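Enquirer: Protein chains in written order, with this note's numbering: chain A, 1354 to 1463; chain B, 106 to 217.
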Amino acid sequence: TQLLEQSPQFLSIQEGENLTVYCNSSSVFSSLQWYRQEPGEGPVLLVTVVTGGEVKKLKRLTFQFGDARKDSSLHITAAQPGDTGLYLCAGVDSNYQLIWGAGTKLIIKP
Amino acid sequence: KAGVTQTPRYLIKTRGQQVTLSCSPISGHRSVSWYQQTPGQGLQFLFEYFSETQRNKGNFPGRFSGRQFSNSRSEMNVSTLELGDSALYLCASRTGSFSPLHFGNGTRLTVT
């Protein structure tokens, strides 16, 4: 059974701080997707990383795919209250199935 | 372009009853997936339909079933409801296997 371990499960920090969320697996993924879900809504895709070692930036969010395509990280610089939400990572396996992490609930306090 | 639409948004049912949830995908999307989301278990895959055929199925009991119509709209049915079925049920559509998912806002099911 493929697993994607996401950490931390919960993070509460002050506005302006930096943070990193991790997704780790022993399996290789063809790509990895990051989603953000706000209360009362469905998850929304933030980014897809495909190539090992790839780094993508979305304003203050930096996404990295591990060289071996088994892990990924999301780094937020100078977090803002608008970044509050549930962050989910999902790896795409060789059968094009999505393997989901359990999510990181992020709260940014003003 | 309209997003994924799920109806109803909220539903309260009693143990033993059955329920049907509806999902209208983004126009042109032929794949529809269903997920169950609970605080303790996270996002759990139920099944995926593509062009009216179930393509993949998660590890859920037979009480959970679904179907897809020729216009790509999908329904999910849960029979003999149990308290543990209380959850947010999310529908997502995509154009194909390589594409990311577009989620609806879900149906919040409460079983009492």
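Virtual Cβ for every residue (Gly too), placed ideally from N, Cα, C. The model shown is predicted, which means the values in this text are computed figures rather than measured ones.
1) Kindly indicate which three-state DSSP category residue 1446 of chain A falls into: helix, strand or coil?
2) Beta strand (DSSP E) containing residue 127 of chain B: first to last residue?
3) Would residue 151 of chain B and residue 139 of chain B be called neighbours here (beta carbons separated by less than 8 Å)?
4) Given a cut-off of 8 Å, decide if residue 1418 of chain A and residue 1405 of chain A are closer than it, judged by their beta-carbon atoms.
5) Name, please, each residue of chain A whose Cβ falls closer than 8 Å to the Cβ of residue 202 of chain B.
6) Which residues of chain B have a Cβ atom closer than 7 Å to the Cβ of residue 1396 of chain A, listed in chain order?
7) Strictly below 7 Å CB to CB, what residues from chain B border residue 1441 of chain A?
8) Please list, in chain order, all residues of the same chain as residue 1443 of chain A whose beta carbon is under 6 Å from its beta carbon, the five residues on each side excluded.
9) Give the interface partners of residue 211 of chain B over in chain A, defined as CB-CB distance under 7 Å, in chain order.
10) Quick one: which chain A residues come within Cβ less than 8 Å of residue 205 of chain B?
11) Decide if the segment 1368 to 1383 of chain A is in contact with the segment 175 to 195 of chain B; the criterion is three or more beta carbon pairs, one per stretch, under 8 Å apart.
12) Could you pull out every residue in the same chain whose Cβ sits closer than 7 Å to the Cβ of residue 1436 of chain A, ignoring the five residues on either side in sequence?
13) Which residue wins for smallest C-alpha separation from residue 1441 of chain A, given the options A:1434, A:1367, A:1401 and A:1371?
14) Can you give the Cα-Cα distance for residue 209 of chain B and residue 186 of chain B, rounded to whole angstroms?
15) So, is the C-beta of residue 195 of chain B closer than 8 Å to a C-beta in chain A?
16) What residue range does the beta strand (DSSP E) around residue 1363 of chain A cover?
17) What does the Cβ neighbour count give for residue 1447 of chain A, buried or exposed, with the cut at 16 atoms within 10 Å?
18) I want to verify the contact list: residues of chain A whose CB lies under 8 Å from the CB of residue 161 of chain B, in sequence order.
19) Residues of chain B with a CB under 8 Å from the CB of residue 1456 of chain A: which are they?
Expert: Considering the structure as presented:
1) coil
2) 124 to 129
3) yes
4) yes
5) Under the 8 Å cutoff, chain A gives 1449.
6) 208
7) 148
8) 1386, 1451 and 1453
9) 1395
10) 1386, 1398 and 1401
11) no
12) 1429, 1459 and 1461
13) Across the set A:1434, A:1367, A:1401 and A:1371, the C-alpha of A:1401 shows the shortest separation from the C-alpha of residue 1441 of chain A.
14) 23 Å
15) yes
16) 1363 to 1367
17) exposed
18) 1450
19) Ordered by position in chain B, the residues that pass the 8 Å Cβ test against residue 1456 of chain A are 147 and 148.
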